[in-house]
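Student: Here the protein sequences come in this chain order: A and B.
Take any residue in the first sequence, note its place counting from 1, add 2, and you have its number in this note's numbering.
Take any residue in the second sequence, note its place counting from 1, add 2, and you have its number in this note's numbering.
The C-beta atom is built at its ideal place from N, Cα and C for all residues, glycine as well.
Quick one: the structure is below, questions incoming.
There are 2 protein chains.
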Amino acid sequence: MTTRSLWAWGTIDRFPDDATRRRLAGMARMLTGGAEPALLPLPRDEDARVPAARVAAPATLAALASATERDRALHAHGRAYPDLVRGFRGDFAAAPDLVLRPRDAAEVEACLDWCSRARVACVPFGGGTSVVGGVEVAAERRGDFAGVAALDLERLDGLHEVDATSLAVRVGAGILGPALERALAAHQLTLRHYPQSFEHSTLGGWIATRAGGHFATGPTHIDDFVEALVAITPRGRVETRRLPASGAGPAPERLWIGSEGALGVITEAWMRVQRRPRFRAAASVKFRTTHDGARAARALAQSGLRPANCRLLDPAECMLHQVALDGTAVLLVGFESADHDQAPWLARALELARDHGGTIASGPTITDDGPGGAAGAAAGPPGAAAGGPAGEAGTWKRAFVDAPYLQSALVSIGVMADTFETACTWDRFEAFHAAVTGAAQDALRRTVGGGVVACRFTHVSPDGPAPYYTFLGPARVGDELAVWREVKAAVSEALHAAGGTITHHHAVGRTHRPWYDRERPPLFGEVLRAAKRALDPAGVLNPGALID
Amino acid sequence: MTTRSLWAWGTIDRFPDDATRRRLAGMARMLTGGAEPALLPLPRDEDARVPAARVAAPATLAALASATERDRALHAHGRAYPDLVRGFRGDFAAAPDLVLRPRDAAEVEACLDWCSRARVACVPFGGGTSVVGGVEVAAERRGDFAGVAALDLERLDGLHEVDATSLAVRVGAGILGPALERALAAHQLTLRHYPQSFEHSTLGGWIATRAGGHFATGPTHIDDFVEALVAITPRGRVETRRLPASGAGPAPERLWIGSEGALGVITEAWMRVQRRPRFRAAASVKFRTTHDGARAARALAQSGLRPANCRLLDPAECMLHQVALDGTAVLLVGFESADHDQAPWLARALELARDHGGTIASGPTITDDGPGGAAGAAAGPPGAAAGGPAGEAGTWKRAFVDAPYLQSALVSIGVMADTFETACTWDRFEAFHAAVTGAAQDALRRTVGGGVVACRFTHVSPDGPAPYYTFLGPARVGDELAVWREVKAAVSEALHAAGGTITHHHAVGRTHRPWYDRERPPLFGEVLRAAKRALDPAGVLNPGALID
């Protein structure tokens with residue numbers, strides 16, 4: 003049963019069972035204090051409330067269209083906390099009026115033509131895992147349109163060309179992570195891009211939202227993997243040239259990378275791929291405090307060693323993921339290569355970690371999977387498959403892919419659990435972290451009496467980390483959305499004021515708009531609006547996402 | 003005498019003397035056949051023909067303005083071959099009517115205000131080393147304006163802030179390469195960005211033209227060093243936020259990186275810097291053919307080793323630079339780090355080179371300059387200072403900074419010498435190289451009876467190289483410009499048709515427009531024009547560069 007859940011993360015078969023929910027309830031009580039949360043009854047599909055459709059597909063698009071309630075409900079939301087809460091309640095008021103599933107770029111053009119002429123808002127839809135309201139036209143904007151169509155790109159899912167010489171492949175934008183990695187594995191290649199949503203998100207979604215992969219340094223934002231792309235706009239097709247690099251004017255592909263469906267529909271891309279890693283070297287290092295660990299992470303980020311993993315977990319994060327329970331911070335360090343033994347790299351990294359007060363907690367583990375790399379890594383992030391690494395890194399990595407399932411399960415026991423992420427320069431980090439953590443804790447105290455705030459670094463650059471925060475607290479049942487909005491506003495305000503970005507890799511969507519609009523230079527906003535007018539004169543593409 | 007030459011590259015004191023010119027003449031005869039070129043008399047400053055100015059600065063800008071003939075002549079051209087030829091003839095018909103030298107961003111705003119109101123074309127001017135007509139309003143466009151002002155940014159030259167924690171600095175855009183490196187050296191830091199124009203070009207110019215540095219892999223385009231920037235447009239100020247990375251919408255700074263003065267004037271930037279390299283490891287490897295060497299360069303580019311140098315010289319390039327005279331191709335491989343010994347990196351690189359048929363010609367040379375790095379590298383590219391590396395790499399590196407002086411000297415003995423550069427994917431390279439070299443040789447035969455075409459890789463990416471071509475032939479005196487235009491058109495057409503980019507790092511300017519306009523997706527062109535209308539409603543910023 004790999005059926006997609008109507009309301010929760012992922013597929014029904016992997017939703018945590020009642021024993022797991024009870025274990026979570028016990029853990030939540032321990033972490034947030036108060037009474038042990040009760041297991042709420044799970045929603046039934048037949049109770050989902052989907053409004054009547056306002057518009058239907060024209061005959062010319064009938065073959066691509068679906069208007070079943072289930073299909074519309076599946077395209078109503080992303081998978082942010084407020085999406086889970088509404089889905090759990092059976093509230094699918096945000097459902098589009100129809101779903102269109104074009105089979106090629108020409109059919110995408112036909113869909114955009116109809117939407118522009120009929121003034122139907124068109125929401126490009128990849129895997130539907132947005133955590134920022136990226137696939138939902140706001141209630142107050144829907145009246146501006148005759149209706150809303152979800153443009154589901156799942157049929158654009160082929161691996162079309164493999165250039166093994168240049169290590170680049172041409173891929174349809176609708177392909178899901180596991181299908182892409184399976185297709186590449188047949189050529190001993192990998193994109194090696196593992197966002198936490200990997201199993202349920204698509205290449206086109208990654209590009210449109212500037213997704214961040216699992217790896218800590220080097221190419222990790224999807225931006226750096228895009229060699230060329232094709233986007234269909236209401237004004238026609240955009241195709242950039244396959245080039246390893248160019249200095250000819252502002253980079254054209256960068257306008258669509260991060261355009262969140264507002265400036266065109268990405269239908270395919272030439273992506274830079276890699277040979278499958280063969281050599282690995284990993285260890286974990288404990289630090290007395292988060293800031294000791296942060297200084298070591300900084301030294302590593304500035305060393306030029308480019309570790310694949312350089313993930314600092316603060317004490318609360320270590321506890322949440324049961325990596326360490328003694329109040330220390332843990333830094334997971336790992337190197338990978340298809341070409342050469344990584345032992346000298348790791349040795350120097352551990353020297354740097356020790357110079358900054360670290361003590362080795364596990365490892366070093368040096369492995370050589372042999373020519374072609376490990377078979378187990380084909381369809382998931384490192385460590386997700388059988389045979390993943392043992393120790394802290396293994397524990398943490400298994401938790402990585404399961405975390406979104408746990409978030410859904412927490413909603414089903416009346417616990418508020420959400421994450422937010424950012425990036426800032428190293429010089430600011432200590433004050434930044436104090437301000438953001440303080441704002442989150444204050445907001446939790448004010449709204450629900452308190453909770454837990456944890457932090458890890460998902461990525462590190464020479465000039466700064468990307469801190470990723472998790473917060474947990476008891477939900478105020480019936481009032482979950484208002485509470486969440488208050489906490490979200492408080493932390494967003496704090497990270498904006500402290501000099502961070504409103505998003506390092508979750509995108510802007512609609513949720514982050516108020517802070518994005520202040521972060522973005524006003525004249526750049528004018529340029530984006532001018533670009534929108536030039537490419538989408540009827541203004542039907544994902545209205546309200548990114549720009550107005 | 004570090005006076006800037008009116009017509010030639012760089013400063014008067016470093017212009018090659020008559021003995022050098024005679025040696026070049028002998029070499030030219032050997033390379034291109036025919037009679038030995040004669041030393042033409044060098045032009046005298048007093049013979050420069052500068053037209054009467056059409057417009058003068060208003061009283062409010064008088065303190066910033068200069069209208070001397072010498073100043074106007076110095077801002078008439080870049081330093082492309084046709085610029086050298088016209089300058090050599092004393093033809094400064096392209097001179098701007100005045101030169102404005104603002105001292106801060108507010109004065110830049112005042113200059114743009116006046117230009118917009120008075121309909122004076124405004125050409126941002128850094129070091130004036132453009133090789134693509136980037137700083138010269140075309141004769142046929144000048145009539146659209148009341149006049150032309152060069153906006154010389156030399157006074158915006160400070161190192162304003164140093165963030166040693168995040169390894170980032172805030173710098174004025176008008177600073178020249180050596181001044182910037184001297185200022186950074188006081189903090190044990192380096193930008194480590196050495197375009198061939200390094201001594202005479204500016205930070206703002208590098209950003210506006212997407213300059214490429216000396217290093218072969220990793221961060222080498224200026225794009226990757228820009229953390230944040232400030233640009234002044236006729237509509238006001240744009241300031242992007244200091245962030246190590248962000249996923250909030252299309253990257254705003256990318257619109258101005260490569261905007262060539264057409265979308266605003268870059269006045270300062272936060273740049274990512276590095277600790278000064280201490281550990282070095284280098285060697286050179288010979289290959290029987292260019293394509294054998296190219297396969298080795300590809301293996302290196304795809305290995306993840308990220309060599310600082312991975313410069314393949316074809317046999318003709320080896321001869322021009324006297325690196326090897328036996329018809330072999332030479333690959334210069336080097337590694338640098340501020341943090342750790344590079345011997346294991348080089349050892350693996352040489353293994354890969356040997357696997358592809360290479361034989362070590364010199365090295366490996368492993369050095370440790372001690373804490374703080376080598377003092378000699380402070381004010382120039384590696385190898386330019388005393389104590390640079392010996393052997394093929396040293397010979398080549400010394401030639402690197404002198405090459406533009408030699409080009410000017412060749413003009414003064416009636417030899418046509420120019421370069422063009424591009425990038426393409428590895429799968430195309432062999433056919434691409436044959437087509438481009440063939441087109442260049444055909445054009446030289448057709449126009450001047452033949453010449454020399456040489457190629458090197460300046461940069462290598464995992465998905466493709468950046469080939470850089472030099473061509474030499476006897477000039478047809480009096481008819482140099484028509485001949486050059488024919489050769490330039492032939493090679494540009496060939497590299498466009500064969501799937502390359504019209505420029506990897508020389509920019510578009512006006513010279514590359516016909517091919518850039520075809521390389522750029524048409525709808526992206528519309529977006530750029532919409533951006534231009536939004537930011538520069540009067541259309542006065544560098545008209546004709548990049549867009550109309």
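Could you say if the stretch 285-300 of chain B and the stretch 313-331 of chain B meet the contact criterion of at least three C-beta pairs nearer than 8 Å?
Tutor: Touching, per the Cβ criterion.
Student: Put Arg-31(A) into one of helix, strand or coil per three-state DSSP.
Tutor: Along the first sequence, one-based indexing puts residue 31(A) at 29. Helix, per DSSP.
Student: From Ala-284(B) to Pro-246(A), what does the alpha carbon distance come to, in whole angstroms?
Tutor: The residue you call residue 284(B) lines up with position 282 of the second sequence. The residue you call residue 246(A) lines up with position 244 of the first sequence. In a straight line, the C-alpha of Ala-284(B) is about 25 Å away from that of Pro-246(A).
Student: Hey, how far is the Cα of Ala-549(B) from the Cα of Arg-531(B)?
Tutor: Position 547 of the second sequence, counting from 1, holds the residue named residue 549(B). Position 529 of the second sequence, counting from 1, holds the residue named residue 531(B). The sequence given here places Ile at residue 549(B); Ala does not occur at that position. Cα-Cα distance, rounded: 7 Å.
Student: Just list the residues that DSSP pairs Ser-286(A) with in beta bridges.
Tutor: Position 284 of the first sequence holds residue 286(A). Looking at the DSSP assignment, Ser-286(A) forms a beta bridge with Leu-334(A), Ser-364(A).
Student: Would you mind giving the Cβ-Cβ distance between Leu-537(B) and Leu-155(B), rounded to the nearest angstrom? I have them listed as a contact below 8 Å.
Tutor: Here residue 537(B) is taken as the residue at index 535 of the second sequence, counted from 1. Here residue 155(B) is taken as the residue at index 153 of the second sequence, counted from 1. Leu-537(B) to Leu-155(B), Cβ: 18 Å. No contact.
Student: Applying the criterion that 16 or more other CB atoms from any shown protein chain within 10 Å of the CB defines a buried residue, is Ala-386(A) buried or exposed?
Tutor: Taking the first sequence and counting its residues from 1, one reaches residue 386(A) at position 384. Confidence at Ala-386(A) is low in this model, with a pLDDT of 39, below 50, so the placement of that residue should be treated as unreliable; the coordinate-derived value is given next. The residue in question, Ala-386(A), is buried, as its Cβ has 16 or more Cβ neighbours within 10 Å.
Student: Using a beta-carbon distance cut-off of less than 7 Å, what residues from the stretch 224-250 of chain B approach chain A?
Tutor: Hits within the stretch, in order: Glu-229, Thr-235, Arg-237, Gly-238, Val-240, Glu-241, Thr-242, Arg-243, Arg-244, Leu-245, Pro-246, Ala-247, Ser-248, Gly-249, Ala-250.
Student: Between Ala-97(B), His-223(B), Val-228(B), which lies nearest to His-506(B) when the distance is taken from Cα to Cα?
Tutor: Working through the second sequence from its first residue, we reach residue 506(B) at position 504. It is His-223(B).
Student: How about Arg-152(A) and Pro-98(A): do their beta carbons lie closer than 7 Å?
Tutor: Counted from its first residue, the first sequence places residue 152(A) at position 150. Counted from its first residue, the first sequence places residue 98(A) at position 96. The question names Arg, but residue 152(A) is Ala in the sequence shown. The answer is yes: Cβ separation under 7 Å.
Student: Assuming Ile-234(B) and Ala-175(B) are in contact, meaning their beta carbons sit under 8 Å apart, how far apart are those beta carbons, in whole angstroms?
Tutor: Counted from its first residue, the second sequence places residue 234(B) at position 232. Counted from its first residue, the second sequence places residue 175(B) at position 173. No, Ile-234(B) and Ala-175(B) are not in contact; Cβ-Cβ is about 10 Å, not under 8 Å.
Student: Since Leu-169(B) is in the alpha helix (DSSP H), which residue starts that stretch and which ends it?
Tutor: In the second sequence, counting from the first residue as 1, residue 169(B) sits at position 167. Taken as a continuous stretch (DSSP letters only), Leu-169(B) belongs to no alpha helix (DSSP H), as it is neither H nor E.
Student: Please say whether Tyr-470(B) and Glu-521(B) have beta carbons closer to each other than 7 Å?
Tutor: Translated into positions along the second sequence, residue 521(B) becomes position 519. Translated into positions along the second sequence, residue 470(B) becomes position 468. Not closer than 7 Å, so no.
Student: Output the residue ranges of the alpha helix (DSSP H) runs that lie fully inside the stretch 183-240 of chain B and measure 4 residues or longer, sorted by chain position.
Tutor: Entirely contained in the stretch 183-240 of chain B, the alpha helix (DSSP H) runs reaching 4 residues are, in chain order, 205-211.
Student: Quick check for students: name the residue ranges of the alpha helix (DSSP H) that lie wholly in the stretch 90-126 of chain B, counting only runs of 4 or more.
Tutor: Qualifying alpha helix (DSSP H) stretches, in chain order: 107-120.
Student: If we ignore side chains and look at the alpha-carbon of each, how far apart do Tyr-83(B) and Ile-504(A) end up?
Tutor: Walking along the second sequence from the start, residue 83(B) turns up at place 81. Walking along the first sequence from the start, residue 504(A) turns up at place 502. Between Tyr-83(B) and Ile-504(A), the C-alpha separation is close to 48 Å.
Student: Would you mind sorting Thr-131(A) into buried or exposed? The rule is 16 or more other CB atoms within 10 Å of its CB.
Tutor: Counting from one through the first sequence, the residue named residue 131(A) turns up at place 129. Under this definition Thr-131(A) is a buried residue.
Student: Can you grab the Cα-Cα spacing for the pair Leu-186(B) / Pro-373(B), in whole Å?
Tutor: On the second sequence, residue 186(B) is found 184 positions in, with the first residue counted as 1. On the second sequence, residue 373(B) is found 371 positions in, with the first residue counted as 1. Taking the straight line from one Cα to the other gives about 16 Å.
Student: Please work out which residues of its chain come closer than 7 Å, Cβ to Cβ, to Val-228(B), disregarding the five sequence neighbours upstream and downstream, and give them in chain order.
Tutor: Here residue 228(B) is taken as the residue at index 226 of the second sequence, counted from 1. Cβ neighbours of Val-228(B) beyond the five flanking positions: Ile-209, Glu-255, Ile-259, Ala-271, Met-273.
Student: Below 7 Å CB to CB, which residues in the same chain sit around His-498(B) once its five sequence neighbours on both sides are set aside?
Tutor: Residue numbering aside, residue 498(B) sits at position 496 when the second sequence is read from its first letter. Within the same chain, His-498(B) has close Cβ partners Ile-504, Trp-517, Arg-520, Glu-521.
Student: Considering only their Cβ atoms, is the gap separating Asp-47(B) from Leu-8(B) smaller than 7 Å?
Tutor: As a working note, residue 8(B) is residue 6 in the second sequence. As a working note, residue 47(B) is residue 45 in the second sequence. Yes, Cβ-Cβ distance for Leu-8(B) and Asp-47(B) is below 7 Å.
Student: Restricting to Cα atoms, I'd like to know which of Gly-220(A), Val-150(A), Leu-352(A), Pro-279(A) is closest to Arg-308(A).
Tutor: The residue given as residue 308(A) occupies position 306 in the first sequence. It is Gly-220(A) whose Cα lies nearest to the Cα of Arg-308(A).
Student: Given a threshold of 16 other Cβ atoms within 10 Å of its Cβ, counted over all protein chains shown, does Ala-303(B) qualify as buried or as exposed?
Tutor: Taking the first residue of the second sequence as 1, we reach residue 303(B) at position 301. So Ala-303(B) ends up on the buried side.
Student: Taking only the alpha-carbon atoms, compute the straight-line gap between Pro-252(A) and Gly-36(B) and give it to the nearest angstrom.
Tutor: In the first sequence, the residue the question calls residue 252(A) occupies position 250. In the second sequence, the residue the question calls residue 36(B) occupies position 34. Using only the alpha carbons, I get a separation of about 44 Å.
Student: Would you check if the stretch 107-122 of chain B and the stretch 69-79 of chain B touch, i.e. whether three or more CB-CB distances between them fall below 8 Å?
Tutor: No, because fewer than three Cβ pairs between the stretch 69-79 of chain B and the stretch 107-122 of chain B fall closer than 8 Å, the two stretches do not touch.
Student: Residue range of the beta strand (DSSP E) that Asp-420(B) falls in?
Tutor: In the second sequence, counting from the first residue as 1, residue 420(B) sits at position 418. Start and end: 417-423.
Student: Among the residues of its own chain, which have a CB less than 7 Å from the CB of Thr-4(B), if the five just before and after it don't count?
Tutor: The sequence position of residue 4(B) within the second sequence is 2, counting from 1. Answer for Thr-4(B): Thr-13, Asp-15, listed in chain order.
Student: What are the start and end residues of the alpha helix (DSSP H) that includes His-323(B)?
Tutor: On the second sequence, position 321 is the one that residue 323(B) refers to. No alpha helix (DSSP H) contains His-323(B), which DSSP labels as neither H nor E.
Student: Can you find a CB in chain A that lies within less than 7 Å of the CB of Arg-274(B)?
Tutor: For the purposes of this step, residue 274(B) is taken as the residue at position 272 of the second sequence. Yes, because at least one Cβ of chain A sits closer than 7 Å to the Cβ of Arg-274(B).
Student: Given a threshold of 16 other Cβ atoms within 10 Å of its Cβ, counted over all protein chains shown, does Arg-535(A) qualify as buried or as exposed?
Tutor: Counting from 1 along the first sequence, the entry for residue 535(A) is found at position 533. Classification of Arg-535(A): exposed, given that the 10 Å Cβ count is below 16.
Student: Short of 6 Å in beta carbon distance, which residues of its chain neighbour Arg-277(A), apart from the five on each side in sequence? Order them along the chain.
Tutor: Translated into positions along the first sequence, residue 277(A) becomes position 275. The answer, listed in chain order, is Ala-340.
Student: Consult DSSP for Asp-154(B) and reduce its assignment to one of helix, strand or coil.
Tutor: Taking the second sequence and counting its residues from 1, the one referred to as residue 154(B) is at position 152. Strand at Asp-154(B).
Student: How many angstroms separate the CA atom of Asp-429(B) from the CA atom of Ala-298(B)?
Tutor: By 1-based counting over the second sequence, the position of residue 429(B) is 427. By 1-based counting over the second sequence, the position of residue 298(B) is 296. Their Cα atoms are separated by approximately 14 Å.
Student: By alpha-carbon positions, which one of Leu-408(B), Ser-494(B), Leu-182(B), Ala-445(B) ends up nearest to Phe-434(B)?
Tutor: Residue numbering aside, residue 434(B) sits at position 432 when the second sequence is read from its first letter. Closest by alpha carbon: Ser-494(B).
Student: Please state the DSSP three-state secondary structure of Asp-370(B).
Tutor: The sequence position of residue 370(B) within the second sequence is 368, counting from 1. Three-state DSSP puts Asp-370(B) in a strand.
Student: Helix, strand or coil, according to DSSP, for Gly-390(B) in the structure here?
Tutor: The residue labelled residue 390(B) in the question sits at position 388 within the second sequence. Because Gly-390(B) sits at a pLDDT of 41, beneath the cut-off of 50, its placement in the model cannot be relied upon, and the point is left open.
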